[in-house]
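Worksheet for the structure shown next.
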Amino acid sequence: MRIWISLFGIGIVLINYNRVRGQPCQGAVCVPNASCVDNECRCDPGFTGEGRFLCEPTATRCVCAAYGDPHTIQYDTMNRATTQLLPCNYVYSIYATAGGCLITAVVETMERPGEPYKSFVSRTAITVLLGGVSQTVYLSGAGVQSNASNIIVTDTSVPGTVSIDIPQCLTKANFKPFGATAISAPKVGSGFLPNLCGNCDGMRNDIPPIFAAQPTRQERDIAFSLRNLANQQAATPEGSICTNLKASVALPNCASDAQLARATSVQNGCGAIFPNEVFLQCATTASLPSTAVYGAYRNCLNLYCSGNTAGACVIVAQLYAGLSCTPPPGYTCP
Numbered sequence: 104m105r106i107w108i109s110l111f112g113i114g115i116v117l118i119n120y121n122r123v124r125g126q127p128c129q130g131a132v133c134v135p136n137a138s139c140v141d142n143e144c145r146c147d148p149g150f151t152g153e154g155r156f157l158c159e160p161t162a163t164r165c166v167c168a169a170y171g172d173p174h175t176i177q178y179d180t181m182n183r184a185t186t187q188l189l190p191c192n193y194v195y196s197i198y199a200t201a202g203g204c205l206i207t208a209v210v211e212t213m214e215r216p217g218e219p220y221k222s223f224v225s226r227t228a229i230t231v232l233l234g235g236v237s238q239t240v241y242l243s244g245a246g247v248q249s250n251a252s253n254i255i256v257t258d259t260s261v262p263g264t265v266s267i268d269i270p271q272c273l274t275k276a277n278f279k280p281f282g283a284t285a286i287s288a289p290k291v292g293s294g295f296l297p298n299l300c301g302n303c304d305g306m307r308n309d310i311p312p313i314f315a316a317q318p319t320r321q322e323r324d325i326a327f328s329l330r331n332l333a334n335q336q337a338a339t340p341e342g343s344i345c346t347n348l349k350a351s352v353a354l355p356n357c358a359s360d361a362q363l364a365r366a367t368s369v370q371n372g373c374g375a376i377f378p379n380e381v382f383l384q385c386a387t388t389a390s391l392p393s394t395a396v397y398g399a400y401r402n403c404l405n406l407y408c409s410g411n412t413a414g415a416c417v418i419v420a421q422l423y424a425g426l427s428c429t430p431p432p433g434y435t436c437p
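Each residue of the sequence shown is one higher than the last, beginning at 104 in our numbering.
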């Protein structure tokens with residue numbers, strides 16, 4: 104509450120400091136139709152999406168958000184963490200519109216050419232297939248580039264954000280220089296078509312940013328899953344399993360993976376080895392003893408760290424079959 108005094112008397116102005124539009128919010132600026140609530144940009148009531156990137160009317164639109172690229176976390180001798188991006192492409196949205204457009208949104212990470220050290224640059228590619236003609240629009244730190252011929256692409260960028268609108272295909276896209284992307288697609292009928300948009304089904308307009316984006320295809324890949332170990336989801340396993348996991352991590356394919364080594368260290372007591380992607384989703388829906396889950400994970404890790412990724416994927420498939428559960432959407436194995 105703010106009190107002010109003027110020549111005409113005393114007035115009281117009520118200001119809600121928790122809901123501010125278009126103002127800095129925890130290092131970000133909320134987009135139109137979003138507000139800063141509890142230090143997070145959230146879409147306003149009646150809008151869906153991610154408040155830092157794109158908010159669209161809930162009744163007619165859905166919004167997919169992607170945050171950066173798959174990566175591994177490296178630790179140096181001083182236990183300082185650094186992030187190393189890997190060259191990769193992943194598809195996070197494929198959908199068709201009523202006007203006959205087939206849209207594929209891909210986030211690409213490439214190594215910068217001609218530099219004496221490894222560095223990477225990301226961009227988003229929006230490919231439109233219409234009337235048998237494939238056209239691609241690229242959104243990157245350099246702006247908007249397009250080879251479009253029979254669609255109209257409007258550059259709606261503002262400082263700090265690269266944005267496009269393709270009204271013919273009922274599509275909007277937004278790119279932030281640090282690699283975050285949001286794409287707006289039409290909502291079909293009274294519900295969502297399967298895979299219409301990568302993270303639209305059941306998405307709330309107040310969802311925190313860290314949970315807004317569903318895992319990408321590469322994040323479902325076993326190699327990334329084994330690196331992306333979750334401390335908060337772990338329960339300390341039996342000592343023998345922990346010993347076996349340490350032995351697996353010492354094998355050639357994993358010996359240089361500092362995060363795996365740290366997860367199975369004495370300090371953590373192997374309490375960080377339960378993966379948060381490959382096994383957890385199915386294991387938590389079945390009455391399976393933790394020893395069985397850890398045992399399957401140990402075998403999988405042992406094969407993967409020995410360089411036998413295909414064999415590790417067989418273990419994953421067997422585990423899912425035993426639980427009468429199917430892999431998550433987008434999960435792929437070599």
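Using N, Cα and C, we set each Cβ at its ideal position, and we do this for glycine too.
Looking from the CA of threonine 151, the closest CA among Asp141, Ala162 and Asn142 belongs to Ala162. When DSSP states are grouped into helix, strand and coil, lysine 275 belongs to the strand group. Bounds of the beta strand (DSSP E) holding valine 240 are 236-243.
Within a 10 Å sphere around the beta-carbon of glycine 154 sit 16 or more other beta-carbons, which makes this residue buried.
Here aspartate 147 is buried. Its C-beta has 16 or more other C-beta atoms within 10 Å. Shown here, proline 262 sits in coil according to DSSP, grouped into three states, outside any helix or strand. One thing to note: alanine 285 has its Cβ no nearer than 7 angstroms to the Cβ of valine 140. Leaving aside the five residues that flank valine 236 on each side, the residues in its chain whose CB is nearer than 8 angstroms to its CB run, in chain order, Ser252 and Asn253. In this structure valine 261 is exposed. Its beta-carbon is surrounded by fewer than 16 other beta-carbon atoms within 10 angstroms. Secondary structure of valine 352 (DSSP, three-state): helix. The straight-line gap separating the alpha-carbon atoms of arginine 226 and glycine 244 is approximately 7 angstroms.
Look at proline 270 here: in three-state DSSP terms it is helix. For cysteine 403, the three-state secondary structure derived from DSSP is helix.
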